[in-house]
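Protein chains: 2
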Amino acid sequence: MTHQTVRDWDRALVPTGAGRTAAPDPACPVEAALEAVRGRWTTLVIRELLHGPRGYREFRRTLPALSDKVLTERLAQLTALGLAERVETSGFPTRVVYRLTARGEALRPLMTELYRTGTELLTTPAR
Amino acid sequence: MTHQTVRDWDRALVPTGAGRTAAPDPACPVEAALEAVRGRWTTLVIRELLHGPRGYREFRRTLPALSDKVLTERLAQLTALGLAERVETSGFPTRVVYRLTARGEALRPLMTELYRTGTELLTTPAR
DNA sequence: CCGCATCCGATTGGATACTG
DNA sequence: CAGTATCCAATCGGATGCGG
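Chains as they are written, first to last, in the numbering used here: chain P, 55 to 181; chain E, 55 to 181.
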């Protein structure tokens with residue numbers, strides 16, 4: 055067996071070179087995924103969007119303690135990442151909704167896994 | 055069909071009451087999972103630990119840009135959450151290693167999923 | 001109805017120097 | 001070797017007030 059730059063355990067855990075970073079790097083898949091759910095309230099906003107399109111005031115209703123500023127920031131963040139989009143209906147009165155893009159739907163398995171892992175952590179005592 | 059407090063989509067996405075929070079809450083599984091991977095360099099330290107036990111200087115070698123301060127913080131954080139443990143061998147010279155606990159091993163599927171989702175996000179164009 | 005602008009206190013993490 | 005301690009700049013997020 056010849057020398058290999060990539061060891062077996064390395065391949066299993068980080069299949070591509072992008073995962074073997076020596077420092078935080080936006081090109082690392084793990085960083086990219088975390089970027090999408092980063093910040094307080096972000097996963098809550100995503101959860102709402104996973105339930106379906108939502109108007110601004112619907113967020114304010116289901117997440118009462120979320121301020122205008124942070125909500126605006128989160129929607130801008132998700133929009134900038136191409137995970138959600140702002141849709142303005144052409145009727146009257148004009149209605150604005152935010153909805154997940156196909157890209158945003160890619161977060162569903164991650165959210166499920168976060169939920170599953172978190173449940174495991176919460177149910178198994180730390181010590 | 056009678057009225058239900060919990061709708062079907064709700065059950066699928068957030069199986070238990072803990073997932074239907076109206077604000078950020080440590081008791082929410084998603085928050086609990088994110089707490090474990092929170093902070094710059096954290097997933098990199100976890101990745102190293104998923105490869106096996108590591109000494110302090112091994113971290114400094116494989117993650118050269120990681121400062122003493124943050125490394126210490128991350129190891130303390132993971133230890134406090136019961137995800138890693140500090141093991142001091144009784145031989146001479148004394149050797150110190152950090153290794154994942156059984157609880158910490160629970161993060162492996164999450165790391166894999168973060169990697170998978172991130173790869174999907176990086177390979178599908180935002181627009 | 002759907003936000004944006006500003007202020008400000010708290011948290012974060014990098015740089016640097018020091019210790020058992 | 002295996003960390004601590006201190007300082008500081010940047011980021012984050014809550015409160016409040018304004019605007020199309």
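For each residue, glycine too, the CB sits at the ideal point set by N, CA and C.
Provide the residue span of the beta strand (DSSP E) that contains valine 150 of chain P, from first to last. Taken as a continuous stretch (DSSP letters only), the beta strand (DSSP E) holding valine 150 of chain P covers 150 to 154.
Does the CB of threonine 59 of chain P have a neighbour CB from chain E at under 8 Å? Bear in mind that the predicted position of threonine 59 of chain P carries a pLDDT of just 46, short of 50, making it too unreliable to give a figure here.
What residues of chain P sit near valine 68 of chain E, judged by a beta carbon separation below 8 Å? Neighbours of valine 68 of chain E in chain P, taken as residues at a C-beta separation under 8 Å, are given in chain order as Arg101 and Tyr169.
Where does arginine 170 of chain E sit, in a helix, a strand or coil, going by DSSP? In the structure shown, arginine 170 of chain E falls within a helical segment according to DSSP collapsed to helix, strand and coil.
Against valine 91 of chain P, what residues of chain E qualify as contacts under a CB-to-CB distance less than 9 Å, listed in chain order? Neighbours of valine 91 of chain P on chain E, chain order: Val84 and Leu88.
Mind checking who alanine 86 of chain E pairs with in its DSSP beta bridge? DSSP output for alanine 86 of chain E lists no bridge partner at all.
DSSP three-state label for alanine 138 of chain E, please. Assignment of alanine 138 of chain E by DSSP, reduced to helix, strand and coil, places it in the strand class.
Tell me whether the region 113 to 131 of chain P and the region 164 to 172 of chain P touch, counting them as touching only if at least three CB pairs, one residue from each stretch, are closer than 8 Å. As far as the Cβ criterion goes, the region 113 to 131 of chain P does not touch the region 164 to 172 of chain P, which means the pair count is below three.
From E/Thr96, E/Gly106 and E/Asp79, residue whose alpha carbon lies closest to that of leucine 67 of chain P: Considering only E/Thr96, E/Gly106 and E/Asp79, the residue with the shortest C-alpha distance to leucine 67 of chain P is E/Gly106.
Which of helix, strand or coil does DSSP assign to arginine 74 of chain P? Look at arginine 74 of chain P here: in three-state DSSP terms it is coil, with no helix or strand label.
According to DSSP, simplified to helix, strand and coil, what is arginine 108 of chain P? Three-state result, arginine 108 of chain P: strand.
Which listed residue (P/Ile100, P/Arg74 and P/Ala130) has its alpha carbon closest to that of leucine 117 of chain P: For the residues P/Ile100, P/Arg74 and P/Ala130, the minimum Cα distance to leucine 117 of chain P belongs to P/Ile100.
DSSP three-state assignment for glycine 158 of chain E, whether helix, strand or coil: In this structure, glycine 158 of chain E counts as helix in the three-state DSSP scheme.
Check whether the Cβ of threonine 178 of chain E lies closer than 8 Å to any Cβ atom in chain P. Residue-level contact by beta carbon holds for threonine 178 of chain E and chain P, with a gap shorter than 8 Å.
CB contact flag (tyrosine 152 of chain P, alanine 134 of chain P, <8 Å): Going by C-beta atoms, tyrosine 152 of chain P is not nearer than 8 Å to alanine 134 of chain P.
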